[in-house]
Amino acid sequence: MSGTLGTLVDFVRRWPYCVACAVLAVVLIGGGVYLHLEVRNLEGILKGRSEEGEAMLTKLIGGSSLRQELTEVRSVTRRIEENLVVETNLAENLWYFYKLEEQTKAQLPELHQVSSPAVDKSPTFRRVPYGLRVVGSYEQVAAFVQALETGPRLAKITTFACSRADASGASVSLDLNVELLGKR
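If you use the working numbering, the sequence shown corresponds to residues 12 to 195, in order.
And the structure:
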């Protein structure tokens with residue numbers, strides 16, 4: 012081994028400039044390869060961060076509209092909650108129908124709350140059924156039905172039957188079964 016090492020030492024002493032240049036070239040090539048690989052790695056990280064930034068910017072731009080939509084949803088939910096009926100509050104529930112009668116000038120000769128269905132699958136809401144008869148001119152009865160459908164209470168007409176209330180046909184009788192949405 013000393014022969015090989017001795018030959019190497021003699022070579023370095025004889026050509027010091029060439030050996031220094033060769034060592035420097037190997038170090039610089041190694042550094043260049045390392046930097047090239049590091050640049051690729053950093054480009055991948057930059058691409059990921061840029062995508063995150065674009066996504067964040069999109070969320071920030073849409074954030075104000077999301078807050079506005081959330082406010083509107085909360086407002087609608089509050090209005091729905093305020094317009095739910097309470098099954099045990101019979102006077103207020105019947106008064107709703109009598110207000111419609113007063114607005115439309117139709118007559119309600121029959122109005123009664125029917126017992127609620129025993130099996131109601133909704134955990135938060137309950138159906139509160141009513142049976143009623145509306146009598147009046149065709150326009151008055153139609154106005155009553157329209158007021159019932161478009162009023163603040165959430166109503167569903169389950170069945171109806173229409174007939175003439177008198178022989179002359181001037182007035183119409185409409186029997187309705189209606190379900191109002193109520194609190195559980």
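Note that beta-carbon positions come from the ideal geometry of N, C-alpha and C, so glycine has one too.
Evaluate residue i with the Cβ neighbour count: other Cβ atoms within 10 Å of its Cβ, from every protein chain shown; 16 or more gives buried, anything less gives exposed.
{"i": "A178", "result": "exposed"}
{"i": "A102", "result": "exposed"}
{"i": "V189", "result": "buried"}
{"i": "A31", "result": "exposed"}
{"i": "G41", "result": "exposed"}
{"i": "L143", "result": "buried"}
{"i": "R89", "result": "exposed"}
Using beta-carbon positions only, say whether residue i and residue j come within less than 8 Å of one another.
{"i": "R164", "j": "L187", "result": "no"}
{"i": "R85", "j": "T135", "result": "no"}
{"i": "S148", "j": "V183", "result": "yes"}
Would you list the residues sitting across from residue i in a DSSP beta bridge?
{"i": "D186", "result": "R144 and A172"}
{"i": "G73", "result": "DSSP output for G73 lists no bridge partner at all."}
{"i": "A166", "result": "L191"}
{"i": "R137", "result": "G193"}
{"i": "L35", "result": "Answer by DSSP bridge pairing: none, since L35 is not bridged."}
{"i": "H123", "result": "G142"}
Shortest alpha-carbon distance to residue i belongs to which of the options?
{"i": "E150", "options": "F171, Y141 and Q114", "result": "Q114"}
{"i": "E112", "options": "Q124, V97, G73 and V146", "result": "V146"}
contact_flag[the segment 153-171, the segment 86-99] where n(CB pairs < 8 Å) is 3 or more: Yes, the segment 153-171 is in contact with the segment 86-99.
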